[in-house]
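The block underneath contains the structure these notes are about, expressed in structure tokens.
Number of protein chains: 4
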Amino acid sequence: MNTINIGVVGYGYWGPNLVRSFAEVPGSQVVAVSDFSIERLAKVQSRYPAIKVTTNAQDLFADPEIDAIAIATPVSTHFDLALSALQAGKHVLVEKPMTVSSEQAKILIEEAKQRNLVLMVDHTFVYTGAVRKMHELVATKAVGDIYYYDSVRVNLGLFQHDVNVIWDLAVHDLSIMDYVLPSKPYAVSATGMSHVPGEPENIAYLTLFFENNLIAHLHVNWLAPVKVRRTLLGGSQKMISYDDLEPSEKIKVYDKGITVNGSPENVYQMLVGYRTGDMWSPKLELTEALQTEAVHFIQCIQQGDRPITDGEAGLRVVRILEAATESMKKQGALIELDKAKVAA
Amino acid sequence: MNTINIGVVGYGYWGPNLVRSFAEVPGSQVVAVSDFSIERLAKVQSRYPAIKVTTNAQDLFADPEIDAIAIATPVSTHFDLALSALQAGKHVLVEKPMTVSSEQAKILIEEAKQRNLVLMVDHTFVYTGAVRKMHELVATKAVGDIYYYDSVRVNLGLFQHDVNVIWDLAVHDLSIMDYVLPSKPYAVSATGMSHVPGEPENIAYLTLFFENNLIAHLHVNWLAPVKVRRTLLGGSQKMISYDDLEPSEKIKVYDKGITVNGSPENVYQMLVGYRTGDMWSPKLELTEALQTEAVHFIQCIQQGDRPITDGEAGLRVVRILEAATESMKKQGALIELDKAKVAA
Amino acid sequence: MNTINIGVVGYGYWGPNLVRSFAEVPGSQVVAVSDFSIERLAKVQSRYPAIKVTTNAQDLFADPEIDAIAIATPVSTHFDLALSALQAGKHVLVEKPMTVSSEQAKILIEEAKQRNLVLMVDHTFVYTGAVRKMHELVATKAVGDIYYYDSVRVNLGLFQHDVNVIWDLAVHDLSIMDYVLPSKPYAVSATGMSHVPGEPENIAYLTLFFENNLIAHLHVNWLAPVKVRRTLLGGSQKMISYDDLEPSEKIKVYDKGITVNGSPENVYQMLVGYRTGDMWSPKLELTEALQTEAVHFIQCIQQGDRPITDGEAGLRVVRILEAATESMKKQGALIELDKAKVAA
Amino acid sequence: MNTINIGVVGYGYWGPNLVRSFAEVPGSQVVAVSDFSIERLAKVQSRYPAIKVTTNAQDLFADPEIDAIAIATPVSTHFDLALSALQAGKHVLVEKPMTVSSEQAKILIEEAKQRNLVLMVDHTFVYTGAVRKMHELVATKAVGDIYYYDSVRVNLGLFQHDVNVIWDLAVHDLSIMDYVLPSKPYAVSATGMSHVPGEPENIAYLTLFFENNLIAHLHVNWLAPVKVRRTLLGGSQKMISYDDLEPSEKIKVYDKGITVNGSPENVYQMLVGYRTGDMWSPKLELTEALQTEAVHFIQCIQQGDRPITDGEAGLRVVRILEAATESMKKQGALIELDKAKVAA
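Protein chains in written order, with the UniProt record's numbering: chain L, 1 to 344; chain V, 1 to 344; chain E, 1 to 344; chain X, 1 to 344.
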């Protein structure tokens with residue numbers, strides 16, 4: 001296989017991780033990095049003397065040596081950069097959230113499709129051992145029918161000025177759910193509040209409705225005294241607790257639940273039984289998520305595979321972020337996901 | 001002061017606790033207990049030979065020796081029993097939720113007012129050391145302006161057939177909030193789901209809106225693999241974590257938060273600073289809540305005081321339960337609390 | 001089977017639990033209780049009108065209706081009471097520690113043996129679901145060779161005036177070890193300290209030496225700011241954590257450990273490999289320990305079985321308590337268990 | 001002040017941290033690094049092109065540009081390297097444990113004293129915010145009289161071939177105690193066990209005796225299923241819990257304890273009262289320990305100050321390690337620290 005040459009746009013918070021990952025995994029090398037900041041580019045040079053640097057991202061798109069572009073810039077710039085890269089014939093890996101609107105996401109998907117290029121969204125959590133184990137437990141029916149997905153992601157975090165807390169934090173949970181759950185939500189109801197005048201909401205609650213009595217709920221908060229990263233997933237056969245702050249036992253599988261017995265004569269009065277059994281915490285794959293993800297991106301390019309977190313996944317997440325923001329403005333009003341402004 | 005003679009209606013799950021409490025605290029004695037079950041009444045007699053027993057609650061209302069009635073029966077019977085007791089001139093302590101509708105609650109309040117009788121609702125948590133400490137920290141402005149109140153009350157719990165999980169579990173949080181928070185909510189948005197055909201919702205999420213950017217949220221669930229009883233209360237000066245499962249340090253006060261600085265020219269771009277300081281877990285009053293509550297009920301009767309958890313508090317909680325149930329049916333539609341059917 | 005009639009001596013802290021247990025389990029009934037305190041005996045009568053009460057334990061021993069005596073008095077009185085009971089032909093269940101010396105324990109064992117009576121020591125923890133599960137995991141070789149047993153039992157506890165903290169707290173761990181571990185210790189080294197002038201040691205550390213490189217260690221402390229009840233058991237195949245304060249997952253089994261590879265040429269430089277796998281928390285039997293124990297005592301009497309926690313087990317524990325106290329006085333000097341003054 | 005030029009010997013596990021720290025703090029710069037491995041030296045060069053590298057540590061000692069040497073090599077080499085450095089007139093910072101014997105430590109102390117050079121031992125934990133806070137709480141008498149110091153430092157850790165677990169793990173606790181406690185121990189009793197044939201002990205327990213009824217105990221273990229880093233410090237006024245694995249509240253101060261009342265007539269029967277109050281978790285200094293330590297080393301050189309963790313502190317720790325190892329061989333036999341073979 002040919003080595004895939006990567007250009008990285010943006011060397012702020014996340015960019016250095018992308019550079020390191022593509023530099024380390026087999027099958028790829030980073031050949032150029034662009035950033036507005038001369039200072040940051042100096043860091044690139046001192047650490048990776050062989051990598052070309054530039055303040056102009058267009059230099060990367062124009063570089064015939066480069067096969068793929070990884071974009072790690074603020075979300076408002078994702079669309080223009082990704083579109084230019086695709087139009088220049090480059091495969092694209094773009095930070096989450098994919099774009100600021102589902103319209104933009106659709107255009108990128110179409111562009112990549114037309115040009116037969118890989119378009120992947122950096123939904124990093126999907127590539128962790130914990131989330132992959134949850135996916136496996138759901139996909140193999142070990143959990144049974146899924147009843148609910150409930151996640152809390154709160155701490156005293158950096159207030160963003162350009163996006164509300166949903167776009168900053170819930171995006172993680174939505175990308176995980178998109179991968180783990182067996183179906184997609186049809187509507188969302190969200191509530192939230194801003195505690196700094198003129199600033200976006202810093203606390204928010206989302207309920208997502210699915211067919212088959214599956215319900216999901218997210219609590220995100222930049223203003224909590226304690227850090228919590230905990231997901232509960234309830235099923236008819238098993239229930240899962242996923243605590244990302246646990247150093248080793250992140251996933252716990254409980255053999256707990258209810259058994260429902262109804263008789264034909266009396267469907268309205270079901271007999272609910274309770275079941276409690278062992279708890280089991282499976283060993284998780286320890287490979288760093290970003291490495292797994294980089295390998296996957298390279299492979300999709302080389303073999304023409306569709307990424308797990310492709311443009312469609314990115315679009316589905318953005319569509320929910322949009323709808324949730326709209327619902328939040330209307331204090332919980334139900335927004336159907338197919339009828340959201342996406343459609344336009 | 002004269003000893004207050006108590007009659008207890010209902011000797012199922014909670015009744016024995018009421019009997020024990022009124023038997024132990026000074027100023028009261030239990031003179032009679034009624035229950036449908038002969039078996040339960042036999043337990044009363046073996047443990048308290050001096051207490052009269054009867055299968056007919058009306059015997060208690062007719063008994064001139066009895067000053068006050070404590071009602072610990074299913075919620076659907078509260079209204080009739082409490083109304084009869086009041087009409088018979090007895091003071092009343094009634095289990096939570098007070099009634100099945102706010103209309104009923106209003107009638108009881110009016111009846112008690114007309115007859116100048118004490119009407120108290122058994123919002124037990126309000127009388128715990130932990131909740132009283134939270135109340136104190138809020139009332140003395142130690143917490144500053146309140147930003148949010150967030151509570152999780154989940155476990156693998158008994159599925160009820162007659163009420164949804166909100167009426168069973170959220171009633172605790174609503175009674176705590178009614179006591180602790182400085183204002184009352186103006187609207188509610190709730191979502192939830194039933195996972196047993198024909199049965200009420202077993203998982204639910206409530207958002208409560210208040211004036212002044214205060215938001216509250218409750219998560220209640222009968223089908224969780226782990227037991228959680230945790231409340232976060234965020235304020236401008238301090239943030240509180242209240243974990244009812246902690247054996248000793250239930251309340252933790254964090255000197256954490258944000259500081260907001262805006263300039264006249266740029267009100268739209270506030271500067272948010274972050275503050276982290278000591279954590280402090282105050283010693284809590286250890287008296288059993290039910291004892292404190294029993295003493296308070298006796299005192300209100302003897303001195304003509306208004307109970308902390310009076311009929312109005314009971315009504316406010318019932319009104320929210322009604323509105324939340326209505327909102328849940330409409331998948332999160334905002335229900336204003338003043339315009340709820342209560343009004344009728 | 002005939003019902004076994006029980007007499008209980010001592011109705012202080014533990015006695016009421018014994019009375020309740022023997023009253024509830026099938027096959028036995030409590031016919032009499034003795035205690036020095038008239039007040040306590042009044043409590044017996046109000047709760048159990050059918051039980052005879054007396055201030056003189058000898059009345060129980062002389063009562064031909066009584067088959068077995070349960071002794072729940074201070075340890076200094078165990079020997080005289082148990083001996084009298086045995087001499088009167090009664091089976092005996094005695095609180096832990098069995099006696100104040102191993103000499104006394106031996107006399108009781110001999111007396112019971114001569115008279116063919118059941119002599120059982122109330123090592124309650126042995127009858128809990130958690131300890132029985134540990135026993136099973138060790139006995140079935142699931143844990144492999146046992147490397148160490150480490151227990152911490154500390155909290156702010158009641159200072160005793162007559163016995164040091166080893167006799168009060170370590171007795172629990174020693175009785176658990178006696179049941180769970182596959183062999184018996186040959187020597188003990190203990191250290192400790194008293195922080196109240198003239199009073200026995202309130203903090204102590206015991207190391208127990210076994211054959212085959214098994215080592216055990218206990219930390220007991222009446223003066224700790226937090227309550228800890230945690231045992232680690234390390235084996236060649238699995239490692240166990242037993243946390244008695246966990247509400248449900250008390251036992252956790254870790255598939256962790258080392259693998260040792262040595263070659264004949266280089267036995268002095270072993271290759272140590274590390275293994276980490278799943279963690280598993282088995283569901284535990286929830287029957288109350290004291291009920292299981294009462295049933296076992298009844299069965300031993302009826303069927304002539306030897307109790308799991310027989311007089312020999314009680315003696316082994318007392319022998320270690322003696323030796324540890326002696327070692328503690330000598331600041332850790334090794335005391336061999338066979339040569340301890342027991343021998344006299 | 002002149003900039004202090006540092007030479008670092010050893011670029012394995014810890015050396016890179018020393019290089020980074022001295023490169024970052026003001027007042028010092030790293031001018032040369034030595035290591036046996038060409039590969040490691042290449043890493044130095046790629047990261048710090050200005051730093052000279054050599055495979056021969058003697059080049060650093062001979063370099064007139066270098067003021068001070070930091071030694072991060074295996075403990076068996078500390079003595080020779082440190083002695084050569086001192087003899088070459090360089091100030092020395094040496095990894096812990098300082099040397100393999102107290103004899104060696106004494107020689108280094110004497111050499112540094114004769115030449116008026118700074119000799120500091122890298123007891124890193126002493127420079128953490130948590131340990132400094134404990135020191136402050138003890139030094140200001142907030143804790144009152146110290147009753148005990150108890151530490152557990154266990155996990156599934158790397159088995160060492162050249163030193164036992166005491167030299168690897170207990171060295172941390174001993175260096176912390178040397179700084180925090182108000183007095184020095186006079187004797188040690190230690191027990192332990194090896195579970196790999198021919199290898200040093202992998203589990204060990206140390207009791208340290210002090211004057212005034214202070215007792216300390218350490219539990220260190222390379223073969224534990226869970227990671228624990230917890231210290232309890234009991235005093236007459238307050239009790240401290242120090243949990244190094246807590247992300248933020250590492251230090252908790254409990255207003256708990258006993259009060260002792262005795263009368264002249266009855267000194268043998270003291271009245272023990274119990275006190276429980278608030279818990280308080282102070283905010284800790286967040287500066288990285290190694291940075292604080294590097295600044296301190298520079299300052300000691302520039303101002304002729306005596307380091308907090310000077311050669312004498314290193315010697316005291318080594319002396320205890322020696323004595324504990326000796327006691328462990330004798331299964332807990334008490335080894336007095338002044339009479340240890342050190343004296344020879």
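Where a beta carbon is used, it is the ideal one built from N, C-alpha and C, also for glycine.
As the structure is a prediction and not an experimental result, all values here were calculated from the model.
(request) State the start and end residues of the unbroken beta strand (DSSP E) segment that holds glutamine 29/X. (result) 28-34
(message) Is the separation between the beta-carbon of methionine 328/L and that of alanine 204/L shorter than 9 Å?
(response) yes
(request) Pull up the CB-CB distance for isoleucine 4/X and isoleucine 301/X, whole angstroms please, since I reckon it's below 8 Å. (result) Right, the Cβ-Cβ distance comes to about 6 Å (below 8 Å), so this counts as a contact.
(request) Return the first residue and the last residue of the alpha helix (DSSP H) that lysine 113/L is part of. (result) 102-115
(request) Would you please verify whether the beta carbon of glycine 129/X is less than 9 Å from any beta carbon of chain E? (result) no
(message) Assuming contact is defined by CB atoms lying nearer than 9 Å, are valine 143/V and isoleucine 240/V in contact in what I supplied?
(response) yes
(request) Could you tell me how far apart the beta carbons of glutamate 95/L and alanine 112/L are, in whole angstroms, since I believe they sit closer than 8 Å? (result) At roughly 16 Å, the Cβ-Cβ gap does not stay under 8 Å, so glutamate 95/L and alanine 112/L are not in contact.
(message) Below 8 Å, how does it come out for the region 282-299 of chain V and the region 179-194 of chain L: are there three or more Cβ pairs, yes or no?
(response) Touching, no.
(request) State yes or no: is the beta carbon of methionine 177/X nearer than 9 Å to at least one beta carbon in chain E? (result) No, no contact with chain E.
(message) Quick check on lysine 113/V - is its C-beta less than 9 Å from some C-beta in chain X?
(response) no
(request) Confirm the yes/no value for this check: CB of alanine 70/E, any heavy atom of the ligand NAD, distance under 8 Å. (result) Absence of the ligand NAD is noted for the structure shown, with no ligands found whatsoever.
(request) Can you give me the Cβ contacts of lysine 106/V inside the same chain, cut-off strictly under 7 Å, excluding the 5 residues immediately before and after it? (result) Leu315
(message) At the level of alpha carbons, what is the spacing between threonine 276/L and alanine 323/V?
(response) Roughly 34 Å separates the two Cα atoms.
(request) State the beta-bridge partners of histidine 217/E as determined by DSSP. (result) Asp150/E, Thr207/E
(message) If we define contact as Cβ-Cβ less than 9 Å, is isoleucine 258/L a contact residue for chain V?
(response) Closer than 9 Å: yes.
(message) Let's test the definition: count the other Cβ atoms within 10 Å of the Cβ of alanine 50/L and tell me whether it reaches 16, buried, or not, exposed.
(response) exposed
(request) Select from His296/V, Ser236/V, Ala190/V, Lys252/V the residue whose C-alpha is nearest the C-alpha of leucine 337/V. (result) Ala190/V
(request) Within the same chain, show all residues whose beta-carbon is closer than 7 Å to that of valine 8/X, passing over the 5 residues directly before and after it, in chain order. (result) Gly15, Leu18, Val19, Val30, Val33, Ala70, Ala72
(message) Here's a check: name, in chain order, each residue in its chain whose Cβ is nearer than 6 Å to the Cβ of alanine 294/V, leaving out the five neighbours to either side.
(response) Ser21, Phe22, Val25, listed in sequence order.
(message) Just to check my reading of the structure: asparagine 164/V and glycine 192/V have Cβ atoms closer than 8 Å, yes? What is that Cβ distance to the nearest angstrom?
(response) 7 Å
(message) Strictly by DSSP, which residues pair up with tyrosine 179/L?
(response) The partner list for tyrosine 179/L (beta bridge, DSSP) is empty, contrary to what the question assumes.
(request) Indicate whether the contact test is met: 3 or more Cβ pairs, each with one atom in the region 124-138 of chain X and one in the region 233-248 of chain X, closer than 8 Å. (result) yes
(message) If I follow the unbroken alpha helix (DSSP H) through leucine 60/X, where does it start and stop?
(response) 57-62
(request) Spell out whether any CB of chain X is found under 9 Å from the CB atom of glutamate 199/E. (result) So, interface residue.
(request) Please list the residues of the region 235-254 of chain V that have a C-beta atom closer than 7 Å to any C-beta atom in chain X, keeping them in chain order. (result) Glu249
(message) Can you list, in chain order, the residues of its chain with a C-beta nearer than 6 Å to that of residue 346/E? Leave out the 5 residues immediately preceding and following it.
(response) The structure shown does not extend to residue 346/E, since chain E is modelled only from 1 through 344, so no value can be given for it.
(message) Is the beta carbon of leucine 60/V closer than 9 Å to that of leucine 86/V?
(response) No. Outside cutoff.
(request) Step through the CB atoms of chain L and report whether any lies within less than 9 Å of the CB of threonine 276/E. (result) So yes, threonine 276/E belongs to the interface.
(request) Ignore the nearest five residues each way along the sequence and tell me which others in alanine 88/X's own chain have a CB closer than 6 Å to its CB. (result) Phe61
(message) At the level of alpha carbons, what is the spacing between asparagine 213/X and histidine 195/X?
(response) 34 Å
(request) For isoleucine 301/X, name the three-state secondary structure that DSSP assigns. (result) helix
(message) With a threshold of 9 Å between beta carbons, is lysine 227/E in contact with chain V?
(response) At a cut-off of 9 Å between beta carbons, lysine 227/E contacts chain V.
(request) Please confirm whether aspartate 35/X and threonine 55/X have their CB atoms less than 9 Å apart. (result) Between aspartate 35/X and threonine 55/X, the CB-CB gap stays under 9 Å.
(request) Give a yes or no on whether the C-beta atoms belonging to lysine 250/X and methionine 279/X are separated by under 9 Å. (result) no
(request) Answer with buried or exposed for proline 64/E, where buried requires no fewer than 16 other C-beta atoms within 10 angstroms of its C-beta. (result) exposed
(request) For arginine 47/X, decide whether its Cβ has a neighbour in chain L, counting only Cβ atoms nearer than 9 Å. (result) yes
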